[in-house]
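The letter at position 79 of the sequence shown is residue 79 when you use the UniProt record's numbering, and the numbering goes up by one with no holes. Even glycine gets a Cβ: it sits at the ideal position worked out from N, Cα and C.
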Amino acid sequence: MSVKKQPISLSVKPRGKAAIDDDAVESFANQAETETQKITQQNKIASTSTTSRADKKKNKPAASKVKRDSFTMPEDDYELIHKLINKLMKAGMLMNKGEILRAGLKALNDMSVKELKDVCDQVERIKTGRPPE
């Protein structure tokens with residue numbers, strides 16, 4: 001089944017100069033000017049709000065750099081972290097593992113030397129490195 005294609009003829013009539021109305025052109029140009037004025041006003045408003053954001057960022061204290069590290073941990077301690085996460089969720093607070101570990105470090109730092117030794121004696125010593133597969 002072959003379909004014969006019909007040739008397409010495009011007939012474009014040239015537009016006469018009388019077809020363009022001067023008033024229509026002028027009103028179109030005026031609308032374009034008002035639209036560009038609206039856009040520039042919106043850009044000015046946006047630029048002033050971004051400068052105020054930049055000023056706020058300058059006033060904030062510089063955050064410390066974040067360092068990524070890995071370590072070996074017994075499964076019991078890993079489960080303890082998840083228990084703490086669930087306990088905090090029930091209290092209406094959402095924390096991740098890293099935040100819980102950092103909170104623990106701050107709590108250890110606030111302890112006296114005797115309290116710190118007592119807590120560290122409770123920690124099980126494990127072999128460092130990657131566990132066997």
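At a Cβ threshold of 8 Å, is residue 98 touching chain B? Among the chains in the structure shown there is no chain B, since it carries only a single protein chain.
With DSSP as the reference, label residue 8 as helix, strand or coil. If you number the sequence shown from 1, residue 8 lands on position 8. Note: residue 8 maps to coil in three-state DSSP.
So, residue 119 versus residue 108, is the Cβ gap smaller than 8 Å? Position 119 of the sequence shown holds residue 119. Position 108 of the sequence shown holds residue 108. For the pair residue 119 and residue 108, the CB atoms are nearer than the 8 Å cut-off.
Within this structure, are the beta carbons of residue 100 and residue 126 separated by less than 8 Å? For this step, residue 100 is matched to residue 100 along the sequence shown. For this step, residue 126 is matched to residue 126 along the sequence shown. Not a contact, by the Cβ cut-off of 8 Å.
Unbroken alpha helix (DSSP H) run spanning residue 109, endpoints: On the sequence shown, position 109 is the one that residue 109 refers to. Where residue 109 is concerned, the enclosing alpha helix (DSSP H) starts and stops at 97-110.
Once DSSP output is grouped into helix, strand and coil, what is the label at residue 123? To locate residue 123, count along the sequence shown from 1; it is residue 123. In the three-state reduction of the DSSP assignment, residue 123 falls in the coil class.
Does DSSP put residue 69 in a helix, in a strand, or in coil? Here residue 69 is taken as the residue at index 69 of the sequence shown, counted from 1. In the three-state scheme derived from DSSP, where H, G and I count as helix and E and B as strand, residue 69 is classed as coil.
Can you give me the C-alpha to C-alpha distance between residue 27 and residue 41, rounded to a whole angstrom? The residue given as residue 27 occupies position 27 in the sequence shown. The residue given as residue 41 occupies position 41 in the sequence shown. Taking the CA atoms as reference points, residue 27 sits about 21 Å from residue 41.
Can you round the beta-carbon distance between residue 85 and residue 73 to whole angstroms, since I take them to be within the 8 Å contact cut? The count along the sequence shown starts at 1 and reaches residue 85 at position 85. The count along the sequence shown starts at 1 and reaches residue 73 at position 73. That belief does not hold up - the Cβ atoms of residue 85 and residue 73 are roughly 15 Å apart, past 8 Å.
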